[in-house]
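Numbering (the numbering used here), first residue to last: 2 to 258. Glycine included, every Cβ here is placed at the ideal spot set by N, Cα and C. Quantities reported herein were computed from a predicted structural model and do not represent experimental measurements.
Structure follows, in structure tokens:
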């Protein structure tokens, strides 16, 4: 069953229940044993994030406690943005989350709210998702508007299909999952490497180096370890951006409506 304001947009295999989780509690089947919370804010500001994440989690947990006959496994799809690291250092699932961006602070509040209400819940912090329908980086290179930073700026990615498969894996594995996992592939890299790879595969010139390096000097990003997810037995279909982007460029996979 899928909970969505526009329930008609769900695949036909999923029974839809139209509901605005930021304003009301849904009705859940008594035999629910898995709940996946994957939310998108209407507005990418603090108020939009609080409504989409914090308020929605409170209403959903109300429904879980009221309707479910037995405690289900619960997974919240979060983001590696909650780490707030911007000096290029490594973080892993045990690293303390100290967000700095206003929206990331709200996202961390949502994580804490869920764990306060359901301590056995699982948080999956995803890196940048790409795949069919998520081709912004490819489009920028193809359109000739991409530039390269003169300083290293690390990025962390995961293919759409691996992100979805990780959710299924964690919610169906034999052992009860741990509290926090990082969902990124095996290759956190300098963004320049990704851009150059795409340019070569598209048969285009490598984008030029940006003249203004102020932004790159301000933030070098972070490098995320996926060790805990790997150790749980998860196997990536696209272990690095190379295999993933090659599949996207080859037209593998369909874009969901």
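Q. How would you label residue 209, buried or exposed, when you count the other beta carbons within 10 angstroms and need 16 or more for buried?
A. Along the chain shown, one-based indexing puts residue 209 at 208. Answer is exposed; the Cβ neighbour count stays below 16.
(Q) Runs of 3 residues minimum, wholly inside the stretch 168-246: which ones carry the beta strand (DSSP E) assignment? (A) 181-184
Q: Could you spell out the range, first to last residue, of the alpha helix (DSSP H) harbouring residue 146?
A: Taking the chain shown and counting its residues from 1, one reaches residue 146 at position 145. Element bounds for residue 146: n/a, residue is neither H nor E.
Q.
Check for me: the beta strand (DSSP E) holding residue 116 runs from which residue to which?
A. If you number the chain shown from 1, residue 116 lands on position 115. From DSSP, residue 116 is part of no beta strand (DSSP E) but of the alpha helix (DSSP H) over 103-118.
(Q) For residue 217, count the other beta carbons within 10 Å of its own beta carbon; 16 or more makes it buried, fewer makes it exposed. Which is it? (A) In the chain shown, the residue the question calls residue 217 occupies position 216. Note on residue 217: pLDDT 46, under 50, position unreliable in the model; the coordinate value appears next. Under this definition residue 217 is a buried residue.
(Q) Taking the alpha helix (DSSP H) that residue 123 belongs to, which residues open and close that run? (A) The sequence position of residue 123 within the chain shown is 122, counting from 1. From DSSP, residue 123 is part of no alpha helix (DSSP H) but of the beta strand (DSSP E) over 123-127.
Q. Roughly how many whole angstroms lie between the Cα atoms of residue 137 and residue 70?
A. Translated into positions along the chain shown, residue 137 becomes position 136. Translated into positions along the chain shown, residue 70 becomes position 69. Computed Cα separation, rounded: 43 Å.
**Q.** Endpoints, beta strand (DSSP E) assigned at residue 160
**A.** Position 159 of the chain shown, counting from 1, holds the residue named residue 160. It spans 158-160 - the beta strand (DSSP E) in which residue 160 sits, taken as one unbroken run.
Q | Where residue 132 falls: helix, strand or coil (DSSP) | A | Within the chain shown, numbered from 1, the residue matching residue 132 stands at position 131. Reduced to three states, the DSSP call for residue 132 is strand.
Q. Cα-Cα, which of 34, 205, 252, 54 is closest to residue 21?
A. Stepping through the chain shown from its first residue, residue 21 is reached at position 20. Closest option to residue 21, Cα to Cα, is 54.
Q: Please check the pair residue 98 and residue 109, which I expect to be a contact at CB under 8 Å, by giving their CB distance rounded to whole angstroms.
A: Taking the first residue of the chain shown as position 1, residue 98 is located at position 97. Taking the first residue of the chain shown as position 1, residue 109 is located at position 108. The Cβ separation is near 6 Å, so the contact holds.
Q.
Applying the 10 Å Cβ sphere with the 16-neighbour rule, what's the burial state of residue 238?
A. Residue numbering aside, residue 238 sits at position 237 when the chain shown is read from its first letter. Residue 238 comes out exposed.
Q. Using the C-alpha atoms, what's the distance from residue 23 back to residue 7?
A. Counting from 1 along the chain shown, the entry for residue 7 is found at position 6. Counting from 1 along the chain shown, the entry for residue 23 is found at position 22. Straight-line Cα distance between these residues: approximately 14 Å.
Q. Nearest CA to the CA of residue 87: which residue from 141, 153, 253?
A. For this step, residue 87 is matched to residue 86 along the chain shown. Closest by alpha carbon: 153.
Q. What span of residues does the beta strand (DSSP E) with residue 17 cover, start to end?
A. Here residue 17 refers to the residue found at position 16 when the chain shown is read from its first residue. Start and end: 17-19.
Q: Take residue 164 as the anchor and find which of 200, 122, 119, 231 has the nearest alpha-carbon.
A: Residue mapping note: residue 164 aligns to position 163 of the chain shown, counting from 1. Minimum Cα distance to residue 164 is reached at 231.
Q) Taking the alpha helix (DSSP H) that residue 54 falls in, what are its first and last residues? A) Position 53 of the chain shown, counted from the first residue, corresponds to residue 54. Here residue 54 belongs to no alpha helix (DSSP H), and DSSP marks it neither H nor E.
Q.
Taking CB distances under 8 Å as the criterion, tell me whether residue 69 reaches chain B.
A. Here there is only one protein chain, and chain B is not present.
**Q.** Collapsed DSSP secondary structure at residue 25 in the structure displayed
**A.** Position 24 of the chain shown holds residue 25. Residue 25 falls in the coil class under three-state DSSP.
Q. Taking the beta strand (DSSP E) that residue 80 falls in, what are its first and last residues?
A. Locating residue 80 in the chain shown gives position 79, where the first residue counts as 1. Looking at the DSSP string, the run of the beta strand (DSSP E) that includes residue 80 is 74-80.
Q | Buried versus exposed call for residue 104 [16 or more other C-beta atoms within 10 Å across all chains shown] | A | What you label residue 104 is simply residue 103 of the chain shown in a count that begins at 1. Classification of residue 104: buried, given that the 10 Å Cβ count is 16 or more.
**Q.** For residue 36 and residue 15, believed in contact at Cβ under 8 Å, the rounded distance
**A.** On the chain shown, position 14 is the one that residue 15 refers to. On the chain shown, position 35 is the one that residue 36 refers to. So it is not a contact: roughly 14 Å between Cβ atoms.
Q: Express the C-alpha separation of residue 198 and residue 243 in angstroms, rounding to a whole number.
A: For this step, residue 243 is matched to residue 242 along the chain shown. For this step, residue 198 is matched to residue 197 along the chain shown. Cα-Cα distance, rounded: 8 Å.
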